[in-house]
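Quick note on the numbering used here: the sequence shown kicks off at 108 and runs consecutively.
Beta carbons: idealized from backbone N, C-alpha and C, even for Gly.
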Amino acid sequence: MQNIFFGFLFVMLDFNLNIGASTIGLIPDFIGFWLLNKGMSELSIESDTFGKKSGLALILMACSMVIYLIDLLGLSLGLLGPIIGIAMTIAKLYLEYQVLMGMFELEEYNHTHLGADDCKTKWIFAMVMILLNFILIWIPLINIFAIIVAFIMGIVFLVSVNTFKNNYLEVKNSQYN
């Protein structure tokens, strides 16, 4: 479960360093997708969703690695860039949703409430704020507010995933003691 938490951390937080035409991602998405894949594979015994969807994390890892290298070299994808960006965003959201569904399956498997519903609620709110960023891009003052709220909600979501992780690990530790 720790790999899933850190995978979300890497995928959801973007900090970049721009040097000329090059962009260096300080928290690369491809590492996050690798961690998500690793975590999903580890938990696939307890969740069918994790077993079925871990391959998507590998595909996203490969795609984001290519994009990372293109950005690092300062190359441009031209008109293909926004299309790839939208496709990656949709695939990433689908993967995040599937991870959340896997978290519900972990609750069922362990016959206990771990906080998956709280994670899902906070994820939905964070995604709504990100969508508002795209809609409000032409209204800078309101868009800045939406960006700040989306960032805060991303952090709140990560805290809820961390709480889920801690609850899960506590249940697992109590089963072995």
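Simplified DSSP state of S129, which is helix, strand or coil
strand
Who are the near neighbours of G222 in its chain, counting only those whose CB is closer than 7 Å to its CB and skipping five residues on each side?
S267, T270, F271 and N274
Where the alpha helix (DSSP H) through I138 begins and ends:
D136 to E149
Name the two residues that bound the continuous alpha helix (DSSP H) containing W245.
Segment: none, W245 is in no alpha helix (DSSP H) and carries neither H nor E.
Within the same chain, show all residues whose beta-carbon is closer than 6 Å to that of G209, passing over the 5 residues directly before and after it, in chain order.
S154, T156 and F157
Out of S171, K160, L179 and M119, state which residue places its alpha-carbon closest to the alpha-carbon of G192.
S171
Based on DSSP bridge pairs, tell me the residues matched to L124.
I131
What does the alpha-carbon distance come out to for the pair K229 and F252?
18 Å
Does M195 come out as helix, strand or coil in the three-state DSSP assignment?
helix
Can you tell me whether DSSP reads K277 as helix, strand or coil?
Note that residue 277 is Glu in the sequence shown, not Lys. In this structure, E277 counts as helix in the three-state DSSP scheme.
Could you check the C-alpha separation between L124 and N217 for me, to the nearest Å?
42 Å
Taking the C-alpha atoms as reference points, what is the distance between L200 and G139?
14 Å
Same chain, Cβ closer than 8 Å to L243, five either side skipped, listed in chain order:
I249, N250 and A253
Cβ-based neighbour list, V263, same chain, cut-off 6 Å, excluding 5 preceding and 5 following
K229
Tell me the DSSP secondary structure of S267 in three-state form.
helix
Residue span of the alpha helix (DSSP H) that contains S171, given as start and end:
D155 to L179
Do you know offhand how far F344's Cα is from E277's?
The structure shown does not extend to residue 344, since the chain spans only 108 to 284, so no value can be given for it.
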